[in-house]
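A short write-up of the structure that comes next.
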Amino acid sequence: SFIAPPDPDWTPDDYYYSYEQSSPDEDPSVTQTTPENPDWYYEDDDPCQSNPCEHGGDCIIRGDTFSCSCPAPFSGSRCQTAQNKCKDNPCVHGDCLITQKHPYYRCACKYPYTGPDCSKVLPACRPNPCQNGGVCSRHRRRSRFTCACPDQYKGKFCEIGPDDCYVGDGYSYRGKVSKTVNQNPCLYWNSHLLLQETYNMFMEDAETHGIAEHNFCRNPDGDHKPWCFVKVNSEKVKWEYCDVTVCPVPDTPNPVESLLEPVMELPGFESCGKTEVAEHAVKR
Amino acid sequence: STAGKHPWQVSLQTSLPLTTSMPQGHFCGGALIHPCWVLTAAHCTDINTKHLKVVLGDQDLKKTESHEQTFRVEKILKYSQYNERDEIPHNDIALLKLKPVGGHCALESRYVKTVCLPSDPFPSGTECHISGWGVTETGEGSRQLLDAKVKLIANPLCNSRQLYDHTIDDSMICAGNLQKPGSDTCQGDSGGPLTCEKDGTYYVYGIVSWGQECGKKPGVYTQVTKFLNWIKTTMHREAGL
């Protein structure tokens, strides 16, 4: 156990106290506060210390406050507002995605549409869009096609392999499934429809959670399986669990036996104070 | 916060009616220091154990999350010299002994872990972490676990006339955010941990205790280092070791 035996000489009132005992009233640095600041506000504060600018904005000290230099398309006092170039639906047959480079949006075209605004159409199945040996067949309508996938492969383009599965709650899932249990297509994580959502490509530590410019299912919030946002109408979204397979669990020896061990013999966890969440430097 | 960032954070919940609007009967926080032990504030424990539920691994109080672990409390052990004078809690610390389920207490996962007890003091000015589901600017408790960074403030400074005017005793430590408006703990965060990090390891350095309003003056926390022997003695005695 990590709990060391108590000190036998300890008495409840004999406390160790390590703070310096100087009189606070004699310290001039304590009393020099300005009326607009809270009483305890320090003069030498760095207002940029907690990196108040969102979405990679640069914090600039302005006297006792700060301003944010925001990367496009973000603006606002803390770079919290995104300029939405997708509002007028510039993508005819595709999804409009917010990007951080000019013109601050791009169209993700639905196959076989192409072009900057997804208005042109390629002949379906040329070249073959089906992956992993899938066979493409055209429908009578020119833009329609079907991929016949080899065994164990699935997905519209046979892109989902047999190893595409999740372990536990799927926090570490990095597969390619992009459909929900209701067979709704997932929205891209940088879809303009997700700008107001807590979970999107512009969230803090997005990469750590496997979120980037794609529409694959993920579990960034500790839910019980991977999920994604789906479109309800031109403005609204909702989230749904994904149609992802659970990875087969390897056999564990005598799980029942281990549950019946007496409580007092249970040691503490192997370590304390360590998280499994990766800490990353904040982009400034 | 994000899931798994404060895996030692505990939600204390009750079926009794609460004065402030809190999701799911949450009324206080706590910190898991051992699979069977939760450290919290003594002022959070004026409640019968049969009305008390301890939830570990929670993020969204209104969602039943698969990684949640819920326990009843076998025993509440309040520090014997806990008292309140002029509505200010002194020696505000207590331990909750969890009632095992199926022969075990907490099971370690990405979302449930223990926090370390500190052995040395952290210097004032150290940036530490606070977390909880307490009251926000809206006047109501948060459904999602929130967190913030605060800096430790030396007791002499915290005892200055402009701040708490000599009401901070050596069982307490102050911490606040130097930004405007200040990030702070508030009602419903009580009992939760103030953690400080050293070499990638988090230590529970304070327990959310009290403060004047929220976000205007520093928060006041129970100084955990002062109670290390009591914590260890109590756990060893109760475990029969």
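As they're listed, the protein sequences go chains E and Z.
Taking this note's numbering as reference, the numbering of the first sequence is continuous, increasing by one, and the terminal residue is 360.
Taking this note's numbering as reference, the numbering of the second sequence is continuous, increasing by one, and the terminal residue is 257.
Beta carbons: idealized from backbone N, C-alpha and C, even for Gly.
Item checked: Residue range of the beta strand (DSSP E) that includes E143 of chain Z -> For the purposes of this step, residue 143 of chain Z is taken as the residue at position 127 of the second sequence. First-last of the beta strand (DSSP E) with E143 of chain Z: 143–148.
Margin query: So for A58 of chain Z, helix, strand or coil by DSSP?
Written below: On the second sequence, residue 58 of chain Z is found 42 positions in, with the first residue counted as 1. Reduced to three states, the DSSP call for A58 of chain Z is helix.
Next item on the list: Assign P33 of chain Z to buried or exposed, taking buried as 16 or more other Cβ atoms, counted over all protein chains shown, within 10 Å of its Cβ.
Entry: The count along the second sequence starts at 1 and reaches residue 33 of chain Z at position 17. Its Cβ having fewer than 16 others within 10 Å, P33 of chain Z is exposed.
Next item on the list: Could you pull out every residue in the same chain whose Cβ sits closer than 8 Å to the Cβ of Q159 of chain E, ignoring the five residues on either side in sequence?
Entry: Position 83 of the first sequence holds residue 159 of chain E. Correct list, in chain order: A148, P149, F150, S151, Y180.
Check: In whole angstroms, what separates the C-alpha of R217 of chain E from that of Q160 of chain Z?
Finding: On the first sequence, position 141 is the one that residue 217 of chain E refers to. On the second sequence, position 144 is the one that residue 160 of chain Z refers to. Distance between the alpha carbons of R217 of chain E and Q160 of chain Z: 48 Å.
Checklist line | Environment of N64 of chain Z [buried if 16+ CB atoms lie within 10 Å] | finding: Translated into positions along the second sequence, residue 64 of chain Z becomes position 48. Flag for N64 of chain Z reads exposed.
Margin query: Tell me which residues of the region 214–240 of chain Z have at least one Cβ-Cβ distance to chain E shorter than 8 Å, keeping chain order.
Written below: G216, T217, Y218, Y219, K232, K233, P234
Check: Any Cβ of chain Z within less than 8 Å of the Cβ of F345 of chain E?
Finding: As a position in the first sequence, residue 345 of chain E is number 269, starting the count at 1. With 8 Å as the cut-off, F345 of chain E counts as an interface residue toward chain Z.
Check: Taking Cβ to Cβ, would you say A57 of chain Z is nearer than 8 Å to T238 of chain Z?
Finding: Locating residue 57 of chain Z in the second sequence gives position 41, where the first residue counts as 1. Locating residue 238 of chain Z in the second sequence gives position 222, where the first residue counts as 1. Their beta carbons are under 8 Å apart, which means A57 of chain Z touches T238 of chain Z by this criterion.
Margin query: Within a Cβ cutoff of 8 Å, which residues of the same chain sit near W246 of chain Z, ignoring the five residues on either side of it in sequence?
Written below: The count along the second sequence starts at 1 and reaches residue 246 of chain Z at position 230. If we look at W246 of chain Z and ignore the five residues flanking it on each side, its Cβ neighbours are Y95, I109.
Next item on the list: Entirely within the region 134–176 of chain E and at least 3 residues each: give me those beta strand (DSSP E) ranges in chain order.
Entry: 134–138, 141–145, 170–174
Next item on the list: Using a Cβ cut-off of 9 Å, pull out every chain E residue sitting near T130 of chain Z, in sequence order please.
Entry: For the purposes of this step, residue 130 of chain Z is taken as residue 114 along the second sequence, with counting starting at 1. Under the 9 Å cutoff, chain E gives F78, G344, F345, S347, C348, G349.
Next item on the list: Return the chain-ordered list of same chain residues with a C-beta closer than 6 Å to the C-beta of D103 of chain E, the five sequence neighbours on each side being excluded.
Entry: Taking the first sequence and counting its residues from 1, one reaches residue 103 of chain E at position 27. Its pLDDT being 42, under 50, D103 of chain E is placed unreliably in this model, and the value from its coordinates should be taken loosely. The answer is none, since no qualifying residue turns up.
Check: If you draw a straight line from the alpha carbon of L114 of chain Z to that of E283 of chain E, how long is it in whole angstroms?
Finding: As a working note, residue 114 of chain Z is residue 98 in the second sequence. As a working note, residue 283 of chain E is residue 207 in the first sequence. Distance between the alpha carbons of L114 of chain Z and E283 of chain E is about 37 Å.
Checklist line | chain E within 8 Å of K91 of chain Z, Cβ atoms only | finding: Numbered from its first residue, the second sequence carries residue 91 of chain Z at position 75. Chain E contact via Cβ: absent.
Note to self: Which runs of the beta strand (DSSP E) at least 3 residues long sit entirely within the region 93–132 of chain Z? Give them in chain order.
What the structure shows: 99–101, 104–106, 110–114
Next item on the list: Measure from the C-beta of P105 of chain Z to each C-beta in chain E and report whether the shortest distance is under 8 Å.
Entry: Locating residue 105 of chain Z in the second sequence gives position 89, where the first residue counts as 1. Answer no: the Cβ-Cβ gap between P105 of chain Z and chain E never drops below 8 Å.
Next item on the list: Can you check DSSP and say which residues form a bridge with I223 of chain Z?
Entry: In the second sequence, residue 223 of chain Z corresponds to position 207, counting from 1. Answer is Z:P209, Z:T238.
Notebook entry, point to check: Closer than 7 Å: is that where the CB of Y189 of chain E sits relative to any heavy atom of the ligand GTP?
Noted result: Absence of the ligand GTP from the depicted structure is noted, as is the absence of any ligand whatsoever, leaving it without description.
Next item on the list: Could you pull the start and end residues of the beta strand (DSSP E) that E316 of chain E belongs to?
Entry: The sequence position of residue 316 of chain E within the first sequence is 240, counting from 1. It spans 313–317 - the beta strand (DSSP E) in which E316 of chain E sits, taken as one unbroken run.
Margin query: Does P104 of chain E come out as helix, strand or coil in the three-state DSSP assignment?
Written below: Within the first sequence, numbered from 1, the residue matching residue 104 of chain E stands at position 28. Because the pLDDT of P104 of chain E is 41, which lies under 50, any placement of that residue in the model is unreliable, and the question is left without a value.
Notebook entry, point to check: Tell me which same chain residues have a C-beta within less than 7 Å of the C-beta of Q207 of chain E, skipping the five on either side of it?
Noted result: Position 131 of the first sequence, counted from the first residue, corresponds to residue 207 of chain E. If we look at Q207 of chain E and ignore the five residues flanking it on each side, its Cβ neighbours are F233, C234, E235.
Note to self: Quick check: is the beta carbon of Q75 of chain Z nearer than 8 Å to any beta carbon in chain E?
What the structure shows: Position 59 of the second sequence, counted from the first residue, corresponds to residue 75 of chain Z. True, the Cβ-Cβ gap to chain E drops below 8 Å.
Notebook entry, point to check: Going by the beta-carbon positions, is the gap between L72 of chain Z and G45 of chain Z smaller than 8 Å?
Noted result: Here residue 72 of chain Z is taken as the residue at index 56 of the second sequence, counted from 1. Here residue 45 of chain Z is taken as the residue at index 29 of the second sequence, counted from 1. Not closer than 8 Å, so no.
Notebook entry, point to check: Any idea if V322 of chain E is buried or exposed, counting beta-carbon neighbours within 10 angstroms, 16 or more meaning buried?
Noted result: Position 246 of the first sequence holds residue 322 of chain E. Exposed is the call here.
Item checked: Residue range of the unbroken alpha helix (DSSP H) whose run includes T36 of chain Z -> As a working note, residue 36 of chain Z is residue 20 in the second sequence. No alpha helix (DSSP H) holds T36 of chain Z; DSSP gives it neither H nor E.
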